[in-house]
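Sequence order for the protein chains is U and L. Read in order, the letters of the first sequence correspond to residues 1 to 129 in the working numbering. Read in order, the letters of the second sequence correspond to residues 1001 to 1322 in the working numbering. We put the CB at the ideal spot given by N, CA and C, even for glycine. Owing to the predicted nature of the structure, the values given are computational and were not obtained by experimental measurement. In what follows, a single structure is set out as structure tokens and then discussed.
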Amino acid sequence: MTETQETTNATLFEQLGGAAAVDAAVDIFYRKVLADYRINRFFDNVDMEQQAAKQKAFLTMAFGGPHNYTGEDMRKGHERLVRMGLDDSHFDAVMEHLGGTLQELNVPEALIAQVAAIAESTRNDVLGR
Amino acid sequence: MLNITLGESKIACQADETVLDALLKANIQIPYGCRQGVCQSCLMRSLDATPPVTAQAGLKDTLQAQNYFLACRCHPEQDMKVALPDRQGALLEACVVKKQQLSPEIIRLVLQYDAELAFFAGQFVNLQRFDGLMRSYSIANSPQYDKTLEFHIRRLPNGQFSNWVHDELEPGTKLTLTEAQGSCHYLPGRTEQPLLLIGTGSGLAPLYGIINDALAQGHTGDIHLYHGSRNLDGLYLIDEMRELARRVGNFNYTACLSGEVIETDYRQGRAHDLALTTTQNLKGWRVYLCGHPEMVNQTKRMAYLKGASLSDIYADAFLVSH
């Protein structure tokens, strides 16, 4: 099971263009998030470089690339934001920007759907449920 | 098998190990996180060998040029002497050779050093007085054959160090300084790229160094400098900058005053506001921001939202200690 999963994930990551694709996506994705009045208050007062590095780790995971994220990390990392009122509407907004970013990079819809599914699988951990 | 030297420790690194593996195996505690080259927690610096290309992937270009690398991605190709990034390197001695008043608030201080010192204009060093009192100042010049360092020191109302420099420090006095640090400096390459530089107060010091460095290295893209202060006392080198703008076709200079007094020949408003409203889209630009922390952080975000890539924004926020 683990074996097949890894093979499938590696394929998605490669199909998307690997680490270079993540680099291209981070710049667009983080800009969309910061410009969105619905969610940008969650990103005030954070170091932009550190934040961009986190976004990169997140996108690497969503792209099916190598990562060490656990559900527990996701919970811990978003605890503070949940206390600030982070809910499904904000998660949806981020998902919207993820899709928009990939469309801007001309990623085929079938691959976008796979990325969205991986990102979606973190929803409950991110929202601390 | 290769050797990694960190401070006094010499550690063996096997062929299949990364620098991080080898250090952890030797029970040396260094910060690390993802072990995938993403989080950059295990950032280190090579003091001799050029790090392998794969160990520098994803790092800011100025850090790459200073031989920074990620320990978790580094399979050494030769023996390496390494250091953690926040460790201040060796101390060296320098002597005051010139002190010049640039404005009522700002003094140009030129030091001469004997030992070897590698630096880029725009980086900073810590200057230390005889009694140990230490402050960080940006370097306003590129390395020269005469081994001098130029600083622009603004008098702060309760600044112990700056008041001492302004009132008491005499040419001939010896100071101690640390190695140059910081990643806000010019790098050659992409010479057609437009540059936007915004500084407040003595934030001009690094920018002045960066501009001269860029021009000396043949930068052909437009260079726009916005220098701001509340009142005229905080602006300096105005004539020199205006003269440079007359002489050099691709250099543009805007002196900005944000206080209430309106002076002719100066733009009214805050430097970053004027700069950002004048430039609609910063996609493809290289941006340098130095000075007041609030200005730097706010402008960094605005510049990014206006299209500048985060990897093209170089910032140095001046934190004040009294």
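Top-ranked residue by Cα proximity to residue i, from the options
i: Ala93/U; options: Asn40/U, Gly65/U and Leu81/U; result: Asn40/U
i: Ala24/U; options: Ser89/U, His78/U, Asp87/U and Gln103/U; result: Gln103/U
i: Val1019/L; options: Phe1161/L, Ser1046/L and Asn1281/L; result: Ser1046/L
i: His1219/L; options: Ala1245/L, Arg1108/L and Phe1251/L; result: Phe1251/L
i: Leu1274/L; options: Gly1199/L, Gln1128/L and Ala1121/L; result: Gly1199/L
i: Leu1232/L; options: Arg1135/L, Ala1216/L and Gly1269/L; result: Gly1269/L
i: Asp44/U; options: Lys1060/L, Tyr1314/L and Met1302/L; result: Met1302/L
i: Lys1025/L; options: Ile1011/L, Pro1031/L and Val1038/L; result: Ile1011/L
i: Thr143/U; options: Ser1041/L, Phe1130/L and Gly1037/L; result: No answer is possible for residue 143/U: the residues shown for chain U start at 1 and end at 129.
i: Phe1318/L; options: Gly1201/L, Ser1229/L and His1227/L; result: Gly1201/L
i: His1272/L; options: Met1295/L, Lys1283/L, Val1287/L and Ala1118/L; result: Met1295/L
i: Thr1277/L; options: Met1241/L, Leu1305/L and Gly1259/L; result: Leu1305/L
i: Glu1116/L; options: Leu1235/L, Lys1147/L and Gln1123/L; result: Lys1147/L
i: Glu1077/L; options: Thr1173/L, Tyr1314/L and Gln1014/L; result: Gln1014/L
i: Glu96/U; options: Arg38/U, Gly17/U and Leu16/U; result: Arg38/U
i: Glu1170/L; options: Asn1297/L, His1152/L and Lys1098/L; result: Lys1098/L
i: Glu1093/L; options: Ser1009/L, Thr1173/L, Leu1043/L and Ala1214/L; result: Thr1173/L
i: Ile1004/L; options: Met1080/L, Ala1216/L and Thr1062/L; result: Met1080/L
Opening and closing residue of the alpha helix (DSSP H) in which residue i lies
i: Arg1073/L; result: Segment: none, Arg1073/L is in no alpha helix (DSSP H) and carries neither H nor E.
i: Asp88/U; result: Asp88 to Glu104
i: Ala1272/L; result: Note that residue 1272/L corresponds to His in the displayed sequence, not to Ala. Ala1271 to Thr1278 is the span of the alpha helix (DSSP H), which, as asked, contains His1272/L.
i: Ala53/U; result: Met48 to Ala62
i: Phe1251/L; result: Element bounds for Phe1251/L: not the alpha helix (DSSP H) but the beta strand (DSSP E), Phe1251 to Leu1257.
i: Tyr1304/L; result: Pro1293 to Leu1305
i: Arg123/U; result: Arg123 to Val126
i: His78/U; result: Gly71 to Arg83
i: Glu109/U; result: Glu109 to Glu120
Straight-line Cα distance separating residue j from residue i
i: Ile1139/L; j: Thr1178/L; result: 12 Å
i: Pro1188/L; j: Pro108/U; result: 37 Å
i: Asn1027/L; j: Asp1016/L; result: 18 Å
i: Arg1035/L; j: Gln50/U; result: 16 Å
i: Leu1257/L; j: Ala113/U; result: 52 Å
i: Cys1074/L; j: Ser1183/L; result: 21 Å
i: Val1165/L; j: Asn1126/L; result: 14 Å
i: Phe42/U; j: His1292/L; result: 24 Å
i: Gly128/U; j: Ser121/U; result: 13 Å
i: Met84/U; j: Gln1064/L; result: 37 Å
i: Ser1309/L; j: Thr70/U; result: 30 Å
i: Ser1103/L; j: Ala1245/L; result: 20 Å
i: Phe1120/L; j: Tyr1186/L; result: 8 Å
i: Glu14/U; j: Thr1050/L; result: 29 Å
i: Gln55/U; j: Gly99/U; result: 14 Å
i: Gln1029/L; j: Ile1211/L; result: 40 Å
i: Tyr1208/L; j: Ile1107/L; result: 14 Å
i: Thr1299/L; j: Pro1157/L; result: 26 Å
i: Asp125/U; j: Asp36/U; result: 23 Å
i: Arg1247/L; j: Tyr1145/L; result: 25 Å
i: Leu1237/L; j: His1224/L; result: 16 Å
i: Ala57/U; j: Thr1191/L; result: 31 Å
i: Leu1109/L; j: Asp27/U; result: 40 Å
i: Pro1254/L; j: Asp1131/L; result: The amino acid occupying residue 1254/L in the given sequence is Thr; Pro does not appear at that position. Answer to the nearest angstrom: the Cα atoms are 40 Å apart.
i: Asp1048/L; j: Ile118/U; result: 43 Å
i: Val1320/L; j: Leu1111/L; result: 22 Å
i: Asn9/U; j: Asp1222/L; result: Note that Asn9/U has pLDDT 49, beneath the 50 cutoff, so the model's placement of it is unreliable and the number below is only indicative. Between Asn9/U and Asp1222/L, the C-alpha separation is close to 45 Å.
i: Thr11/U; j: Ala19/U; result: 13 Å
i: Arg123/U; j: Phe63/U; result: 16 Å
i: Tyr1032/L; j: Ala110/U; result: 36 Å
i: Gly1284/L; j: Glu1168/L; result: 46 Å
i: Glu1105/L; j: Phe1069/L; result: 40 Å
i: Ala1022/L; j: Val1082/L; result: 13 Å
i: Ala1229/L; j: Leu1235/L; result: Sequence inspection shows Ser at residue 1229/L; the Ala mentioned does not correspond to that position. Approximately 6 Å, taken between the alpha carbons.
i: Gln1160/L; j: Ala1057/L; result: 42 Å
Residue interval of the beta strand (DSSP E) (run including residue i)
i: Leu1043/L; result: Leu1043 to Ser1046
i: Ser1309/L; result: Unbroken run through Ser1309/L: none, as it is neither H nor E.
i: Arg1135/L; result: Met1134 to Ser1138
i: Asn1003/L; result: Leu1002 to Leu1006
i: His29/U; result: Looking at the sequence provided, one finds Phe at residue 29/U rather than His. Element bounds for Phe29/U: not the beta strand (DSSP E) but the alpha helix (DSSP H), Gly18 to Ala35.
beta-carbon residue i near the ligand SAH non-hydrogen atom, thresh 6 Å
i: Asn1067/L; result: Of ligands this structure carries none, so the ligand SAH is not represented either.
message = To be precise: take each residue of the segment 70-87 of chain U, compare its Cβ to all Cβ atoms of chain L, and keep it if any distance is under 7 Å. Which residues remain?
response = none
key: Length at least 3, wholly inside the segment 1049-1125 of chain L: the beta strand (DSSP E) runs in chain order   = 1068-1070, 1080-1083, 1091-1101 and 1106-1113
key: Short-range partners of chain U found in the segment 1179-1201 of chain L, where Cβ spacing is below 7 Å   = none
task = Check distances from the C-beta atoms of the segment 1035-1055 of chain L to those of chain U and list, in chain order, the residues that come in under 8 Å.
result = Arg1035, Gln1036, Val1038, Cys1039 and Gln1040
task = Note down, in chain order, all residues in the segment 1284-1306 of chain L with a beta-carbon under 7 Å from any beta-carbon belonging to chain U.
result = Lys1300, Arg1301, Tyr1304 and Leu1305
key: Positions along the segment 1242-1265 of chain L whose CB lies within less than 8 Å of some CB in chain U   = none
message = Under 9 Å, CB to CB, which of the residues in the segment 52-66 of chain U have a partner in chain L?
response = Ala52, Ala53, Lys54, Lys56, Ala57, Thr60, Gly65 and Pro66
Segments of 3+ residues assigned as beta strand (DSSP E) that fall wholly inside the segment 1213-1244 of chain L = 1223-1229
Against chain L: residues of the segment 21-46 of chain U by CB proximity under 7 Å = Asp27, Arg31, Leu34 and Ala35
message = Please list, in chain order, the residues of the segment 1058-1072 of chain L that have any C-beta partner in chain U closer than 7 Å.
response = none
ask   = Residue ranges of each alpha helix (DSSP H) run of no fewer than 4 residues wholly in the segment 1158-1189 of chain L, ordered along the chain?
value = 1160-1167
key: Cβ-based contacts, 9 Å cut-off: residues of the segment 90-117 of chain U near chain L   = none
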